[in-house]
Amino acid sequence: MTKLLSNPCCHPSSSTTFSCFHNESLCSSKKMAALPISGHFSKWPPKSFTRIQLRRSDFELRSSNGYPLNAVSLQDEGSVVNPLAEEPNFSDSAEGDSTLSITVVGASGDLAKKKIFPALFALYYEDWLPENFVIFGYSRTKMNDEELRNMISRTLTCRIDQRENCDDKMTQFLKRCFYHSGQYNSEEHFSELDCKLKEKEGGRLSNRLFYLSIPPNIFVDVARCASTRASSTTGWTRVIVEKPFGRDSESSSELTKCLKQFLNEDQIFRIDHYLGKELVENLSVIRFSNLVFEPLWSRNYIRNVQFIFSEDFGTEGRGGYFDNYGIIRDIMQNHLLQILALFAMETPVSLDAEDIRNEKVKVLRSMKQLLLENVVVGQYKGHSKGGKTYLGYTDDPTVPNNSVTPTFAAAALFINNARWDGVPFLMKAGKALHTRRAEIRVQFRHVPGNLYKHTFGTDLDLATNELVLRVQPDEAIYLKINNKVPGLEMRLDRSDLNLLYKARYTREIPDAYERLLLDAIAGERRLFIRSDELDAAWALFTPLLKELEDRKIAPELYPYGSRGPVGAHYLAAKHNVRWGDLTGED
Amino acid sequence: MTALPSPNHCCSSSSSAYSVNSSIGFHQIQRNIPFSLIPQKKFGSKNVSFRSKCSPSLPDVVLMQDAPSPKELKEGLLTVEDRNTVVSDGKGDDSTVSITIVGASGDLAKKKIFPALFALYYEDCLPEHFTIFGYARSKMTDAELRDMVSRTLTCRIDKRENCGEKMEQFLKRCFYHSGNYDSEENFTELDGKLKEHEAGRVSNRLFYLSIPPNIFVDAVKCASRSASSANGWTRVIVEKPFGRDSESSAALTRSLKQYLEEEQIFRIDHYLGKELVENLSVLRFSNLIFEPLWSRKYIRNVQLIFSEDFGTEGRGGYFDHYGIIRDIMQNHLLQILALFAMETPVSLDAEDIRNEKVKVLRSMRPIRVDDVVVGQYKSHTRGGLSYPGYTDDKTVPKDSLTPTFAAAALFIDNARWDGVPFLMKAGKALHDRRAEIRVQFRHVPGNLYNRNVGTDTDRATNELVIRVQPDEAIYLKINNKVPGLGMRLDRSNLNLLYKARYTKEIPDAYERLVLDAIEGERRLFIRSDELDAAWSLFTPVLKEIEEKKVIPEYYPYGSRGPVGAHYLAARHNVKWGDVGVDE
Chain P
1 MTKLLSNPCC HPSSSTTFSC FHNESLCSSK KMAALPISGH FSKWPPKSFT RIQLRRSDFE
61 LRSSNGYPLN AVSLQDEGSV VNPLAEEPNF SDSAEGDSTL SITVVGASGD LAKKKIFPAL
121 FALYYEDWLP ENFVIFGYSR TKMNDEELRN MISRTLTCRI DQRENCDDKM TQFLKRCFYH
181 SGQYNSEEHF SELDCKLKEK EGGRLSNRLF YLSIPPNIFV DVARCASTRA SSTTGWTRVI
241 VEKPFGRDSE SSSELTKCLK QFLNEDQIFR IDHYLGKELV ENLSVIRFSN LVFEPLWSRN
301 YIRNVQFIFS EDFGTEGRGG YFDNYGIIRD IMQNHLLQIL ALFAMETPVS LDAEDIRNEK
361 VKVLRSMKQL LLENVVVGQY KGHSKGGKTY LGYTDDPTVP NNSVTPTFAA AALFINNARW
421 DGVPFLMKAG KALHTRRAEI RVQFRHVPGN LYKHTFGTDL DLATNELVLR VQPDEAIYLK
481 INNKVPGLEM RLDRSDLNLL YKARYTREIP DAYERLLLDA IAGERRLFIR SDELDAAWAL
541 FTPLLKELED RKIAPELYPY GSRGPVGAHY LAAKHNVRWG DLTGED
Chain L
1001 MTALPSPNHC CSSSSSAYSV NSSIGFHQIQ RNIPFSLIPQ KKFGSKNVSF RSKCSPSLPD
1061 VVLMQDAPSP KELKEGLLTV EDRNTVVSDG KGDDSTVSIT IVGASGDLAK KKIFPALFAL
1121 YYEDCLPEHF TIFGYARSKM TDAELRDMVS RTLTCRIDKR ENCGEKMEQF LKRCFYHSGN
1181 YDSEENFTEL DGKLKEHEAG RVSNRLFYLS IPPNIFVDAV KCASRSASSA NGWTRVIVEK
1241 PFGRDSESSA ALTRSLKQYL EEEQIFRIDH YLGKELVENL SVLRFSNLIF EPLWSRKYIR
1301 NVQLIFSEDF GTEGRGGYFD HYGIIRDIMQ NHLLQILALF AMETPVSLDA EDIRNEKVKV
1361 LRSMRPIRVD DVVVGQYKSH TRGGLSYPGY TDDKTVPKDS LTPTFAAAAL FIDNARWDGV
1421 PFLMKAGKAL HDRRAEIRVQ FRHVPGNLYN RNVGTDTDRA TNELVIRVQP DEAIYLKINN
1481 KVPGLGMRLD RSNLNLLYKA RYTKEIPDAY ERLVLDAIEG ERRLFIRSDE LDAAWSLFTP
1541 VLKEIEEKKV IPEYYPYGSR GPVGAHYLAA RHNVKWGDVG VDE
């Protein structure tokens, strides 16, 4: 407590003697320790707690599609082995008397409306949520429960593949949604929330999840108030935090320090929704459950790796936030770097969150310092096409006219370890480009001593194998191979060994937020960013960002809707790489 | 010539960038080489073949959409073309090819050889001057032959234009000569007719022996003595069977060699002309990602599977004398195995490839009779329809023990493949028709996802399938996460279905092989020492089976074959990939 009071991040609230109308003693501030009650969440979860086990222990396993969660389905087998059957089922007793309260802080915001409530509904619809749960919206707006429900219901949709009883389910779901209006820095208001939560929990073991969908400058206030006033006394309390996690190493570690005044490491769930994408999840499966890829996964066979993110729209009048961060902070330092770490990490000891995150940190810490000469920045300018005019970035009224904030960036990164020494990892991210996509491209080396050399022309590197994992849109995996064109002559051609998700899997792929929320509820931390990971990620980008900003490097301007600045090609060429997405093949 | 893209002429393709219409100059090189020379490296590398006119686009450039367009490249190569055109000029116009089909009235000739020749003509792959002669004992006029031939000609699906016209032109080039297979006199008459058509040009002659094996040697003797070309090459295509065992095969080879040099003999194995068998080497050697996996370190077993969904259907006379092991395994499947398992050849030249194939065959462990399962189909009634058993065939002896099904486990005792079972399975009257190569990979060592895979880690391994027929395809089975919130793994395929990717009809194996023979490309034909090695592998086990009169395991017509095949596989820790539900 003394530590808490002496902390500069803390804005001590005056209300220390707050009382609640129906149970004074429980709500007294003395019991609401700033630090969570020991025994419930002060320890790391034991290693053996995988996502699946946790989910099983938290509530009865209900896989929505009728398959056991844990078995590979082998269609050439008559029956499916179900390893679940032999394991003790310890969820029964917990199920009945534990509750889950999810509080969406910033409930009236855009993210909450578009992503969080729909994801929660989808989880409910698919029976992933525990039996006893309530959802609270919290924000400053005055609203009653009914108004919140009204607002939410407008954005809820049912999964395409199972529309049955959708209205029914929606009504039931909305009945579990409540609203509490309050200030983000008012401990008093959070105490009121606590009382409401208690009421709903009805004396059961209470687990509480706070989703902070608010601007970064009030993160700490909310964390403080929630932690000191609305923590669970009997179960766990977890807080999901959205980016940005600072602007650089210093501000990020400051934020972490402040959050840690009120929360333990294992209570903080830093969300990076790219890690919840289906194909990013599948990346580890591809690598580690197939024999055919891992032998190729090194500098011996891989020539370069490309991480590509592009959006086909600009800031469109909402550039205020973006201008303060820029594309490097907004996309590269988090989303792309996280995927890179997953891609490049060594085989972890197990699939446990700590083991995986340990390996990711190792990759990040092995990375060579990012040099300015290995970065290209760009900014989109106005463009007229087909009679339509697209505004440039600085035409956005929320963006300063002289802004040099990059809306596009390309970078070459290197990992100085035994596996990846010398292999360029290229990243590219941009707004207002010609297409919307996110993908990982792995270009393999040329065949040494290729017998078919003369069929390839002079540049052997042009005809190499390439593995593409398309994260969005139209999830797909394909492997480009050289193949003989059928016919009497010997002509080679690149063909794809293809797996298009749409064609193979009929079920709709869940939104990343569903997966991440479910993981947070289950206490599975694999897809959340640990503090040391965040530090390492910032350590990599901060010097570069500082240099870019100190020197006010002017971005290369590119027309709205174009393929981005040509500088990106020169950067790639310097490292002997050709961007895989701009070949006209895809 | 140094400016040619490649000195090591790639496979059957042309080695040079000829333009589409450089139709001139077949075999100016072969012409100068006397047949007494064994074509070693020199032959292979000098031998320029002229496939380019068959390919409408540039033959030797991989199509890469991110590279300069073929058109641009072509323009860049114009100087090379010009030079080549000059080189071949002057020789092109005065050479001819005469193709004589010995046994022209037979089934193979009607169903495969004439249609293949027509397809080649239709696709402009035949040289300008060519004639086709049918030769058989039946009395027939040219017109009657043309009539017979025309009934089986079909046009390629993808270009039906002018088909009628082309057919007429083609038939005008077809002639018939009736004669006995052992009459030098009759062959001398043929020679006279050929000379007439060749009209003094350099004459190249190809004889396709589509006749029973007992008259091979007679026909070869007559053709060679009385109808060889005096100034060009003379080649003879021989169809299987090439003997019944090591001794008879060696005897046949010896006899043939009395009249022909090694490089005149083209032993055809039409499986080697299948598109996906051709592609096997391309897959292995032009992709980085397969070769590192191509060894005992990663491959658990390889399966070569051939099945037909019909029996002998009243034509078992020939088959009964040979059996499925000689008919399919010792040649087709073993050839594919050799291509699959060979080391990287020095070049794609025929001799280099065949040298590597022979090495594989000679490294193979003798087949033990324990490692072979034989079966024979019996009659079966299904859905009111009755299917006759093998011995119900009138042309088959009632007490025949000839296997119509066989499965075998083979091993290659070399550094790359030691201990990896190569399983073969071939059968008639099974539930489906297919030919495929399946490569099952080992399980992932220390698999992090073991708990998702169940107890038998071998069940969820990667598998590469090359489906030769029907519906040509390549697919790689991988483990993948089933999309959704759980962590379920599932096998999905990385898929390449030819039908979906390539709209052109895939040429028949015979087209490729006849064309290769015309061009002197021997890569897909079986050399004498290859044949010897293949026989020495199978002869002991065949002898043992026949001497011990091993009773075949009976299986119902239309079934999946004898269960013994499963026990054989199980003994070598293999599970047949083709009988899974997911196929």
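Just so you know, the protein sequences line up as chains P and L, in that order. For the first sequence, the residue numbers in my numbering are 1 to 586. For the second sequence, the residue numbers in my numbering are 1001 to 1583. Here a beta-carbon is modelled for each residue, glycine too, at the ideal position from N, C-alpha and C.
Partners in chain L for residue i, counting only beta-carbon separations shorter than 7 Å
i                     : result
residue 486 (chain P) : 1275, 1498, 1502, 1504, 1506
residue 278 (chain P) : 1483
Cross-chain neighbours of residue i in chain P, by beta carbon under 7 Å
i                      : result
residue 976 (chain L)  : Since the first residue of chain L shown is 1001 and the last is 1583, residue 976 (chain L) is not available in this structure.
residue 1298 (chain L) : 291, 295
residue 1125 (chain L) : 488
residue 1461 (chain L) : 291
The alpha helix (DSSP H) enclosing residue i, as first and last residue numbers
i                      : result
residue 593 (chain P)  : Residue 593 (chain P) lies beyond the stretch modelled for chain P, which goes from 1 to 586, so this question has no answer here.
residue 1165 (chain L) : 1163 to 1172
residue 567 (chain P)  : 567 to 574
residue 344 (chain P)  : 337 to 344
residue 493 (chain P)  : Run containing residue 493 (chain P): none in the alpha helix (DSSP H); it sits in the beta strand (DSSP E), 492 to 500.
Assigned exposure category for residue i - 16 Cβ within 10 Å defines buried
i                      : result
residue 1192 (chain L) : exposed
residue 1366 (chain L) : exposed
residue 27 (chain P)   : Residue placement at residue 27 (chain P) is flagged as unreliable, the pLDDT there being 36, under the threshold of 50; the coordinate-derived value follows with that caveat. Flag for residue 27 (chain P) reads buried.
residue 433 (chain P)  : buried
residue 1249 (chain L) : buried
residue 1571 (chain L) : exposed
residue 165 (chain P)  : exposed
residue 1445 (chain L) : exposed
residue 1568 (chain L) : buried
residue 321 (chain P)  : exposed
Range covered by the beta strand (DSSP E) that runs through residue i
i                      : result
residue 1493 (chain L) : 1489 to 1497
residue 378 (chain P)  : 375 to 381
residue 559 (chain P)  : 556 to 559
residue 1539 (chain L) : Here residue 1539 (chain L) belongs to no beta strand (DSSP E); instead the alpha helix (DSSP H) covers 1528 to 1547.
Integer Cβ distance of residue i from residue j, believed to fall under 8 Å
i                      : j                      : result
residue 413 (chain P)  : residue 367 (chain P)  : 6 Å
residue 1482 (chain L) : residue 211 (chain P)  : Not confirmed; about 27 Å, so no contact.
residue 1408 (chain L) : residue 1349 (chain L) : Actually they are not in contact, since the Cβ atoms of residue 1408 (chain L) and residue 1349 (chain L) sit about 31 Å apart, beyond 8 Å.
residue 174 (chain P)  : residue 153 (chain P)  : 6 Å
residue 200 (chain P)  : residue 310 (chain P)  : Rounded, the Cβ-Cβ distance is 44 Å, inconsistent with contact.
residue 230 (chain P)  : residue 194 (chain P)  : 4 Å
residue 544 (chain P)  : residue 364 (chain P)  : About 14 Å; that fails the 8 Å criterion.
Beta-carbon neighbours of residue i, restricted to chain L and to distances below 9 Å
i                     : result
residue 128 (chain P) : 1485
residue 514 (chain P) : 1485
residue 521 (chain P) : By Cβ distance, chain L contributes nothing, its closest Cβ being about 11 Å from residue 521 (chain P), past 9 Å.
residue 397 (chain P) : None at all; the shortest Cβ gap to chain L is about 40 Å.
residue 560 (chain P) : Simply none; closest approach about 25 Å.
Chain-ordered neighbours of residue i on chain P, where CB pairs are closer than 8 Å
i                      : result
residue 1512 (chain L) : 488
CB contact check: residue i to chain C, cutoff 8 Å
i                     : result
residue 446 (chain P) : Chain labels in this structure do not include chain C; the protein chains are P and L.
Chain-ordered neighbours of residue i on chain P, where CB pairs are closer than 9 Å
i                      : result
residue 1293 (chain L) : 291, 292, 295, 296
residue 1622 (chain L) : Because chain L here runs from 1001 to 1583, residue 1622 (chain L) falls outside it and cannot be looked at.
Within chain L, partners of residue i - CB distance below 8 Å
i                     : result
residue 288 (chain P) : 1444, 1447, 1448, 1449
>> Using a Cβ-Cβ cutoff of 8 Å, what residues of the region 1472 to 1484 of chain L are near chain P? List them in chain order.
In response: For the region 1472 to 1484 of chain L, the residues whose beta carbon sits under 8 Å from a beta carbon of chain P are, in order, 1472, 1474, 1475, 1476, 1478, 1479, 1480, 1481, 1482, 1483, 1484.
> Looking at chain L, which residues of the region 489 to 512 of chain P have a Cβ within less than 7 Å of any of its Cβ atoms?
Replying inline: Of all residues in the region 489 to 512 of chain P, those with a C-beta nearer than 7 Å to a C-beta of chain L are 489, 490, 491, 492, 493, 494, 495, 496, 497, 498, 499, 501, 504, 505, 507, 509, 510, reading in chain order.
> Using a beta-carbon distance cut-off of less than 7 Å, what residues from the region 296 to 322 of chain P approach chain L?
Replying inline: Under the 7 Å Cβ criterion, the region 296 to 322 of chain P contributes 296, 301.
> In the region 202 to 231 of chain P, which residues sit with their C-beta less than 7 Å from some C-beta in chain L, listed in chain order?
Replying inline: Listed by position along the chain: nothing, the set is empty.
>> Which residues of the region 1413 to 1424 of chain L have a Cβ closer than 9 Å to any Cβ of chain P? Give them in chain order.
In response: Per Cβ criterion, the list is empty.
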